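> For reference, the structure I am asking about is given below.
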Amino acid sequence: GGNTTRTWGAGDDLMGKLDEAEKLGLKVLVGIWLGHERHGFDYNDPAQVQEQFDMAKAAVLKHKDHPAVLAWGVGNEMEGYDAGGNPKIWKAVDDIARMIQELDPNHPTFTVTAEIGGERVRAMHELTPHIDMVGINTYGGVHSIPERYKAAGGTKPYLVAEFGPPGTWEQPNNDWGVPMEK
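Note that our numbering has the sequence shown beginning at 117, numbered continuously upward.
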C-alpha cells in the first residue's frame, strides 16, 4: 500500500532505484547524505564543505528530471545527537537547499533530524529558509510529535521520516545496567 520511499544518499546506484520506483509506480524522496561531525566531518573546513556541496549539486543535476523524484532530502541526522544547533551545519544545509531550489524549482527540499529536541526546531526555522519541510526520525516519541513540534515553535510542514517501537536509547536500564529491548 505504500507509494513513496526514501533514500539516505544519492550514490552511484540511485538511477537504478529511480528507474525501478518508476516501474512500480512509486515516488522517491531522494536523500543527499551530508557529513556527520561524530564521523569526522568538519564543518569548519571550507574544502570539506565545498566538496559536499559539489557532490550534492552533481546529484541534483543528474537526477532532477527523473519522473520518480518527489523531493530532495538534504542530510539525515547530520546535526548529531546533542543540542543540534551548530550554525555551520545549518548554513551548509541551507546553502545546498538554496542551490536545489535554483536548479530544480519543481521539487521541494527537506532535511531530516534525530528527533526534535535541543536547538533543532529553532535552528531549522531560523537558519534554513530554503528548507521547505522538516523530516523527523522518531521512535518512542512518534505520538507526541505534533504537540512537541508546535510547542518548540515548529511551523514548517513536517513528515515522520523514520519511526518504530521505542529504541534502546529510550528505555530505562535493567538490573544489569542495560536497556530492555521491547
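Don't be surprised by glycine CBs; every beta carbon is placed ideally from N, CA and C. Predicted model only: the values in this text are computed from it and were never measured.
Alpha carbons only, please: which of G196, M215 and N253 is nearest the one belonging to Q168?
As a position in the sequence shown, residue 168 is number 52, starting the count at 1. Taking only the C-alpha atoms, the option nearest Q168 is M215.
> With a Cβ-Cβ cutoff of 8 Å, do I261 and V237 count as a contact?
In the sequence shown, residue 261 corresponds to position 145, counting from 1. In the sequence shown, residue 237 corresponds to position 121, counting from 1. Taking 8 Å as the Cβ cut-off, I261 and V237 do not qualify as a contacting pair.
> Leaving out five residues on either side along the sequence, give the residues of the same chain with a beta carbon under 8 Å from the beta carbon of T229.
The count along the sequence shown starts at 1 and reaches residue 229 at position 113. Taken in chain order, the residues that qualify are E193, E195, G200, R236, M240, V250, G251, I252 and N253.
> Cα-Cα, which of I232, A172 and K204 is closest to Y197?
Reading the sequence shown from its first residue, position 81 is the one you call residue 197. Nearest of I232, A172 and K204 to Y197, Cα basis: I232.
> To the nearest angstrom, how far is it from the Cα of T225 to the Cα of Q217?
On the sequence shown, residue 225 is found 109 positions in, with the first residue counted as 1. On the sequence shown, residue 217 is found 101 positions in, with the first residue counted as 1. Roughly 8 Å separates the two Cα atoms.
> Using the Cα positions of L186 and N222, report the straight-line distance between them to the nearest angstrom.
Along the sequence shown, one-based indexing puts residue 186 at 70. Along the sequence shown, one-based indexing puts residue 222 at 106. Approximately 9 Å, taken between the alpha carbons.
> Could you tell me how far apart the beta carbons of A208 and Y159 are, in whole angstroms, since I believe they sit closer than 8 Å?
Start at 1 with the first residue of the sequence shown, and residue 208 comes out as number 92. Start at 1 with the first residue of the sequence shown, and residue 159 comes out as number 43. Indeed, because the Cβ distance is near 6 Å, the residues count as touching under 8 Å.
> Cutting at 6 Å between CB atoms, please list the residues of its own chain near E138, excluding the five before and the five after it.
For this step, residue 138 is matched to residue 22 along the sequence shown. These residues qualify, in order along the chain: P183 and A184.
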